[in-house]
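Chains as they are written, first to last, in the numbering used here: chain A, 21 to 432; chain B, 17 to 262. Only one structure is covered here, and it is reproduced in the block below.
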C-alpha cells in the first residue's frame, strides 16, 4: 500500500464525517491560533521594549529620586532630591564620564490650529548624543545651553500619523501650554501657562517613544517653565563603558543608600522582558491547555469513529488488511486533523495577533506593537499540534487495529 | 483462479471450536472432517446453530479453531501468525457476506479495489481489473456509483467483484442470497455458478437456501457441529468429485 493510498483512505473517512471532523479540526485550530497569537504578541512586546530601551546608550545609567515608583518604599516618601550638588557628587565617582541632569514635564504644544500633548525634556542638548547615540537631525540642530526660546521636536511630534502635513517645521513658532497649581494669596489656583518657542530642529525617526515623542528644550528653559527650582527629575549618568555600569551603580547606591534609584536601560529591559515572559508563559500555558483539549477532541472523534466503523474494520481485516495497516490508517486520520488544524491555526493565529493589536489598548495609542513571530516558535507550535494529534490517535488506532475480524464483522 | 491439480484445496481434521459464554461452554464445531477439491463448488447447509458460519470463518482464517487442523493448499493455516493470516486472506480468499459489507462512502470502483490496494497492486492495474470485474458481474456502467444508489442484488455483485479482485483460489460466501429476493438471489446464484464453471473457482457457500444449495456440486449437511451427511446437488455439476473426509 502506498502513502497516497493510505492518505486517500484516511481522508475519505474524515470527509464522510465532515461536521465532526471539521469541529475537531476547529478545536486544534483554536489551540494553535491562541498559542501563535500569544507568541506573536509576546515577541512584538519584547521587540518593542528592546527597541525603546535600546536607543539609549549601553553605558547610560538613569538616576531617579526614589528607588522604586511603587510599593511601600515609594509610599514611605524616602526620596533624594536631585540637585546640582547631586550632580557634582556623582561626577566625582570613578568611572563616570558625564552627568546629565534633566527636567521633565508635560504640556500641550500648539502649532497654528493644531495642538498636541507632548512630553518635554529639558537638558544640556550637547550631551543628548551620549544618551541616544543614534539620534540625528532631519533638519536644524539642538538648542544651545543659553537658548531659552528654542525647542527641538522628536519625529513623531513633527510628523503625527493623523496629519497629512508636518505639525511644525524648523524655524516655525510654536507654543507650549501647561497647567500648574499656584498659591496666590494663600489660595491654590490652577493656572494655565503659555510660552512661545521657535523650532530649532526636528529629529529623524529613532523608533523609540522616549526620543520620537519628546520635545527638547534647554535645561534652563525647563527649570523656569516648570518651576523646578533646580530640583532635577532625572539624572543620566554616562559611564566609561557598559562594563563599568555595575561599579558606578554600586558607588551611587552606597553613597545615597536606598533613597535613590539607579537603573540601567539594559536592566529595565531585562526586568520587563522577564515579567512579560512570565505573563506570556502563563497565557501560553492556558493556550496549551486548549491544545490538550483539542487532543482529547481527537481521541473522542476517532474513538467514536472506530466504534461506528467496526464492521468496516472487520471487512478490511477480512480482506487482508494487517493490524499495522489499520493502525496506520487511523493514525493518518489523526495526523491529518493535526496537520490541517496546525496549518489553519498558524494562519488564524498570525491574523489574530494583528487583529488583537488593533483591539487591545496598547495598539491604539502612541505605543504601537508589531507582532513578531519567531520561525522556531511557529515550528514548535505546529510540531506540537502534529505530535499531540498523533499521540491522541494512538489509543483509538490501537483499538481499531486489535479488533478481531470476526468480532468486528458481527457487530450490528 | 489457480488449479492445484489433484491435491485437495481444503482439508480439515477433527476441527473443534468451543466458546465460553459465562458458565456455559458452547461447542460450535465438534470434530469436522472435510475435503474439498480445487474447482469444486460446495454448499454447507444446516439448521441455525449447526456451526455453518463458524466453519466458513475457520476456512477463511477469520477465526481460529480450539483444536484440529485446516490445510489449505497443503498449508496448515492454524499455525500461521497474524501477519501471514492477513496475507493469506488477501491473496487466497475472496469473501462474500450476506450483508455485502460495502463501504458506503466509497464509490463502487473503490470498494472493488480495496483488496488490491493492500496487496500493493499498481493503480493502473487496479483500474483495469476493476473495470474487467465490474463488466463480468454486469455493473460496468456503475463504476462511479455509491453503494446506496444500487439495489441489493447490485450491491452483492459489487461484493463478488471485490472478492475476485486479487484472483483468489477460494471464494467463501456466507448466505450470499440471504438478503435478496428470490429473483435476484437466482441471479447471484447463476453468477457464482458461472464463476465456478468459467473461472474454475473453488467456491464454498453457507446457505439456508436449499435451491441455491442444490445448484452446487456437493451439499454438506452440518448438525450440532459435525457433518451429518453429504450428497450431490440436484442440479450440480455431474463431473464434480464428492469426497467425504474422515
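We treat Cβ as the ideally placed atom computed from N, Cα and C, and that holds for glycine. On a predicted model such as this, the values are computed, not experimentally measured, just so you know.
Helix, strand or coil for residue 120 of chain B? Go by DSSP, reduced to three states. Start at 1 with the first residue of the second chain, and residue 120 of chain B comes out as number 104. The answer is coil: DSSP assigns residue 120 of chain B none of H, G, I, E or B.
If you draw a straight line from the C-alpha of residue 230 of chain B to the C-alpha of residue 223 of chain B, how long is it?
Here residue 230 of chain B refers to the residue found at position 214 when the second chain is read from its first residue. Here residue 223 of chain B refers to the residue found at position 207 when the second chain is read from its first residue. Whole-angstrom Cα-Cα distance: 11 Å.
When the Cβ atoms of the segment 108-127 of chain B are set against those of the segment 168-175 of chain B, are three or more pairs found closer than 8 Å?
yes
Checklist line | Option in A:123, A:80, A:219 with minimal Cα separation from residue 249 of chain A | finding: On the first chain, residue 249 of chain A is found 229 positions in, with the first residue counted as 1. With distances taken between Cα atoms, residue 249 of chain A lies closest to A:123.
| message | Strictly below 9 Å CB to CB, what residues from chain A border residue 26 of chain B? | response | Here residue 26 of chain B refers to the residue found at position 10 when the second chain is read from its first residue. Within chain A, no residue comes near residue 26 of chain B; the closest Cβ sits about 17 Å away, beyond 9 Å.
Tell me which residues share the same chain as residue 29 of chain B and place their Cβ nearer than 7 Å to its Cβ, disregarding the 5 neighbours each side in the sequence.
Reading the second chain from its first residue, position 13 is the one you call residue 29 of chain B. 49, 84, 85, listed in sequence order.
* Asked: Using the C-alpha atoms, what's the distance from residue 167 of chain A back to residue 215 of chain A?
  -> The count along the first chain starts at 1 and reaches residue 215 of chain A at position 195. The count along the first chain starts at 1 and reaches residue 167 of chain A at position 147. Cα to Cα, residue 215 of chain A sits roughly 14 Å from residue 167 of chain A.
Open item on the list: Output needed in chain order: residues of the segment 336-367 of chain A with a Cβ under 9 Å from some Cβ in chain B.
Closed with: 336, 337, 338, 339, 340, 341, 342, 343, 344, 345
Is residue 35 of chain B helix, strand or coil when you go by DSSP? Here the question's residue 35 of chain B lines up with position 19 in the second chain. Here residue 35 of chain B sits in strand by DSSP.
- Query: DSSP on residue 131 of chain A, reduced to helix/strand/coil?
  - Reply: Taking the first residue of the first chain as position 1, residue 131 of chain A is located at position 111. Here DSSP, grouped into helix, strand and coil, assigns residue 131 of chain A to strand.
Next item on the list: In the DSSP assignment, find the unbroken alpha helix (DSSP H) run with residue 32 of chain A in it and report its ends.
Entry: Here the question's residue 32 of chain A lines up with position 12 in the first chain. That run of the alpha helix (DSSP H) goes 23-36.
Q.
Excluding the 5 residues flanking residue 80 of chain B on each side, which residues of the same chain have their C-beta closer than 7 Å to its C-beta?
A. Taking the first residue of the second chain as position 1, residue 80 of chain B is located at position 64. Excluding residues within five positions, the ones whose Cβ falls inside 7 Å are 94.
Exercise for the section: May I have a chain-ordered list of the alpha helix (DSSP H) segments no shorter than 4 residues that lie completely inside the segment 98-172 of chain B? Expected result: 98-108, 124-135, 139-152
**Asked** Which residues, in order along the segment 38-57 of chain A, keep a beta-carbon less than 7 Å from a beta-carbon of chain B?
**Response** none
- Message: Closest to residue 395 of chain A by C-alpha separation, out of A:56, A:305, A:199, would be which residue?
- Response: Here residue 395 of chain A corresponds to residue number 375 of the first chain, with the count starting at 1. Here the closest residue by C-alpha is A:56.
- Might you give, ordered along the chain, the residues of its own chain that have their beta carbon closer than 8 Å to the beta carbon of residue 47 of chain B, omitting 5 neighbours on each side? Translated into positions along the second chain, residue 47 of chain B becomes position 31. Taken in chain order, the residues that qualify are 30, 31, 32, 84, 241, 242.
Exercise for the section: Rounded to whole angstroms, what's the CA-CA distance from residue 302 of chain A to residue 362 of chain A? Just pull it up for me. Expected result: Locating residue 302 of chain A in the first chain gives position 282, where the first residue counts as 1. Locating residue 362 of chain A in the first chain gives position 342, where the first residue counts as 1. Cα to Cα, residue 302 of chain A sits roughly 21 Å from residue 362 of chain A.
With a CB to CB cut of under 6 Å and the five nearest residues on each side skipped, what residues in its chain are close to residue 431 of chain A? The residue you call residue 431 of chain A lines up with position 411 of the first chain. Contacts found: 330, 331.
Under 8 Å between C-beta atoms of residue 322 of chain A and residue 416 of chain A
Taking the first chain and counting its residues from 1, the one referred to as residue 322 of chain A is at position 302. Taking the first chain and counting its residues from 1, the one referred to as residue 416 of chain A is at position 396. Cβ atoms of residue 322 of chain A and residue 416 of chain A: closer than 8 Å.
Chain A partners of residue 64 of chain B, CB-CB under 7 Å?
One-based indexing of the second chain puts residue 64 of chain B at position 48. In chain order: nothing, as chain A lies at least about 15 Å away.
Subject >> 9 Å Cβ cut-off: residues of chain B touching residue 327 of chain A >> reply: Your numbering for residue 327 of chain A matches position 307 in the first chain. Those within 9 Å of residue 327 of chain A in chain B number zero; the least Cβ separation is about 16 Å.
Chain B residues whose Cβ lies nearer than 9 Å to that of residue 331 of chain A:
Residue 331 of chain A sits at position 311 when you count from the first residue of the first chain. Correct list: 115, 117.
For residue 122 of chain B, which residues in chain A fall below 7 Å Cβ to Cβ?
-> Residue numbering aside, residue 122 of chain B sits at position 106 when the second chain is read from its first letter. Within 7 Å Cβ-Cβ: 32.
Assuming residue 177 of chain A and residue 136 of chain A are in contact, meaning their beta carbons sit under 8 Å apart, how far apart are those beta carbons, in whole angstroms? Residue 177 of chain A sits at position 157 when you count from the first residue of the first chain. Residue 136 of chain A sits at position 116 when you count from the first residue of the first chain. Right, the Cβ-Cβ distance comes to about 6 Å (below 8 Å), so this counts as a contact.
Query raised in the report: When DSSP labels each residue in this structure, what does residue 248 of chain B get in the three-state scheme?
Result: Numbered from its first residue, the second chain carries residue 248 of chain B at position 232. Correct three-state label for residue 248 of chain B: strand.
Outcome for residue 54 of chain B when other beta-carbon atoms lying within 10 angstroms are tallied against a minimum of 16: One-based indexing of the second chain puts residue 54 of chain B at position 38. Buried.
task: Give me the Cβ distance between residue 135 of chain B and residue 340 of chain A, rounded to the nearest whole Å; I'm assuming they're in contact under 8 Å.
output: Looking up residue 135 of chain B in the second chain gives position 119. Looking up residue 340 of chain A in the first chain gives position 320. Confirmed, Cβ separation roughly 7 Å.
Contacts that residue 134 of chain B makes with chain A (C-beta to C-beta distance below 9 Å)
Residue mapping note: residue 134 of chain B aligns to position 118 of the second chain, counting from 1. Those within 9 Å of residue 134 of chain B in chain A are 21, 25, 336, 339, 340, 341, 342, 345.
Residue 225 of chain B versus residue 39 of chain B - alpha carbon distance
Locating residue 225 of chain B in the second chain gives position 209, counting from the first residue. Locating residue 39 of chain B in the second chain gives position 23, counting from the first residue. Approximately 34 Å, taken between the alpha carbons.
Original post:
Short check: CB of residue 83 of chain A to CB of residue 254 of chain A, under 8 Å?
Top reply: As a position in the first chain, residue 83 of chain A is number 63, starting the count at 1. As a position in the first chain, residue 254 of chain A is number 234, starting the count at 1. It is a contact, given that the beta carbons lie within the stated cut-off.
- Mind listing, in chain order, the continuous beta strand (DSSP E) runs of no fewer than 3 residues lying wholly within the segment 208-241 of chain B? 218-222, 234-239
Can you check which of these residues, B:124, B:44, B:144, B:76, is closest to residue 105 of chain B by C-alpha distance?
On the second chain, residue 105 of chain B is found 89 positions in, with the first residue counted as 1. It is B:76.
Original post:
Run through DSSP, which three-state label would residue 214 of chain A get?
Top reply: Your numbering for residue 214 of chain A matches position 194 in the first chain. If DSSP states are grouped into helix, strand and coil, residue 214 of chain A belongs with the strands.
Assigned exposure category for residue 191 of chain B - 16 Cβ within 10 Å defines buried:
Counting from one through the second chain, the residue named residue 191 of chain B turns up at place 175. So residue 191 of chain B ends up on the buried side.
Legend entry - Cβ-Cβ distance between residue 357 of chain A and residue 80 of chain A below 8 Å: Reading the first chain from its first residue, position 337 is the one you call residue 357 of chain A. Reading the first chain from its first residue, position 60 is the one you call residue 80 of chain A. Not a contact, by the Cβ cut-off of 8 Å.
So is residue 91 of chain B buried or exposed if we call it buried at 16+ other beta carbons inside 10 Å? Translated into positions along the second chain, residue 91 of chain B becomes position 75. So residue 91 of chain B ends up on the exposed side.
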